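Residue numbers (our numbering): -12 to 126. All residues carry an ideal CB built from backbone N, CA and C; glycine is no exception. Predicted, not measured: the structure shown is a model, and the values here were computed from it. Encoded as structure tokens, the structure appears first; notes follow it.
Structure follows, in structure tokens:
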């Protein structure tokens, strides 16, 4: 699989590209995998652990894929994810909202999982204010 993927994936350094083309260009699988894990280092520890486990599992799961269309789709989606990762995760403005057309393409099961994920993340990232803590202790 590896030699096939290397031939299919275009290296950014192979030829000179302008910035727009460079962001579209795909990385070979191993460098992409490494870049994803490096990008996760900037995330909070909980998000990093979840992201690293998911990336590792997905790359293992797709290791034996030989269909060039699936390989290119896989690499393209992970490259897009890499481009979407925030440079500074503490800046809440760096996260994008999900495109409405993506909702339309989701199955009922996927929408249910997204809903559960939304509630799970709200519980984890719930802001704790001094006023909230005081009002809860008075109750």
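For the set 24, 75 and 48, the Cα lying nearest the Cα of residue 66 is the one of 24. Apart from sequence neighbours up to five positions away, the residues of its chain that approach residue 46 with a beta-carbon distance below 6 Å are 20, ordered along the chain. For residue 44, the enclosing alpha helix (DSSP H) has its first and last residue at 32 to 48. Burial is judged here by how many other beta carbons sit within 10 angstroms of a residue's own beta carbon; residue 41 has fewer than 16 and is exposed. For residue 39, same chain residues with a beta-carbon under 8 Å away, outside a window of 5 residues either side, are 24 and 27 in chain order. Inclusion of residue 30 and residue 59 in the CB contact set at 9 Å is not warranted, their separation being larger than that value. Beta-carbon to beta-carbon, residue 22 and residue 69 are separated by about 6 Å, close enough to satisfy the 8 Å threshold.
For the pair residue 103 and residue 109, the Cα-to-Cα distance works out to about 10 Å. Cα atoms of residue 96 and residue 49: separation of roughly 22 Å, rounded to the nearest angstrom. Counting of Cβ neighbours within 10 angstroms places residue 16 among the buried residues, the total reaching 16 or more. Going by C-alpha positions, residue 91 is about 10 Å away from residue 98.
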